[in-house]
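In this text, residue positions in the sequence shown follow my numbering: the first is 5, and each later residue adds one.
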Amino acid sequence: MAKKNVRNIKVCGQSGYKYETVPAITLKGKWLEELGFHLGDYVQVKCENGQLIITPDVNKAQEQEAKKAFMDEEIKKLKIRYQNEKEEITAKYVAEQSAGCYGKKAKVNTNVTGRSADDLRERLNFIKKYI
């Protein structure tokens, strides 16, 4: 099949802000992949002399890659911190339970490395959102 350098596409209408119809151009097909546009790629659209020029946005792709690497590393650190705090809370709970006598709890210091149990519980719930 011969490679087409020109495509004829109709400008359609699409519902926009407050259901107002706005112009829309949809590009789809295997030919985009043949030109180097792949799923998930970022593109830049320039308007020049009544023409739309579509090019791959390499800078945006690199920026997103760096952001993902940074976030992955930070989440890894949060998971380690979460595990350590979880172990602290578990140890504190076990200590409180074993200090009790026949169902009565003995008074135990509620601070674990300077934090109250409520503070640790709140921090764990916050960390769980990101794990």
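Ideal placement from N, C-alpha and C gives every residue a C-beta, glycine not left out.
Rounded to the nearest whole angstrom, the CA to CA distance from F41 to I58 is 10 Å. Annotation for E37: no beta strand (DSSP E) segment contains it, though the alpha helix (DSSP H) segment containing it runs K34 to E38.
Look at I93 here: in three-state DSSP terms it is helix. Sorting E100, I84, A99 and V98 by C-alpha distance to the C-alpha of L128 places I84 at the top.
I57 carries a strand assignment under DSSP once its states are collapsed to helix, strand and coil.
For the pair A73 and E38, the Cα-to-Cα distance works out to about 29 Å.
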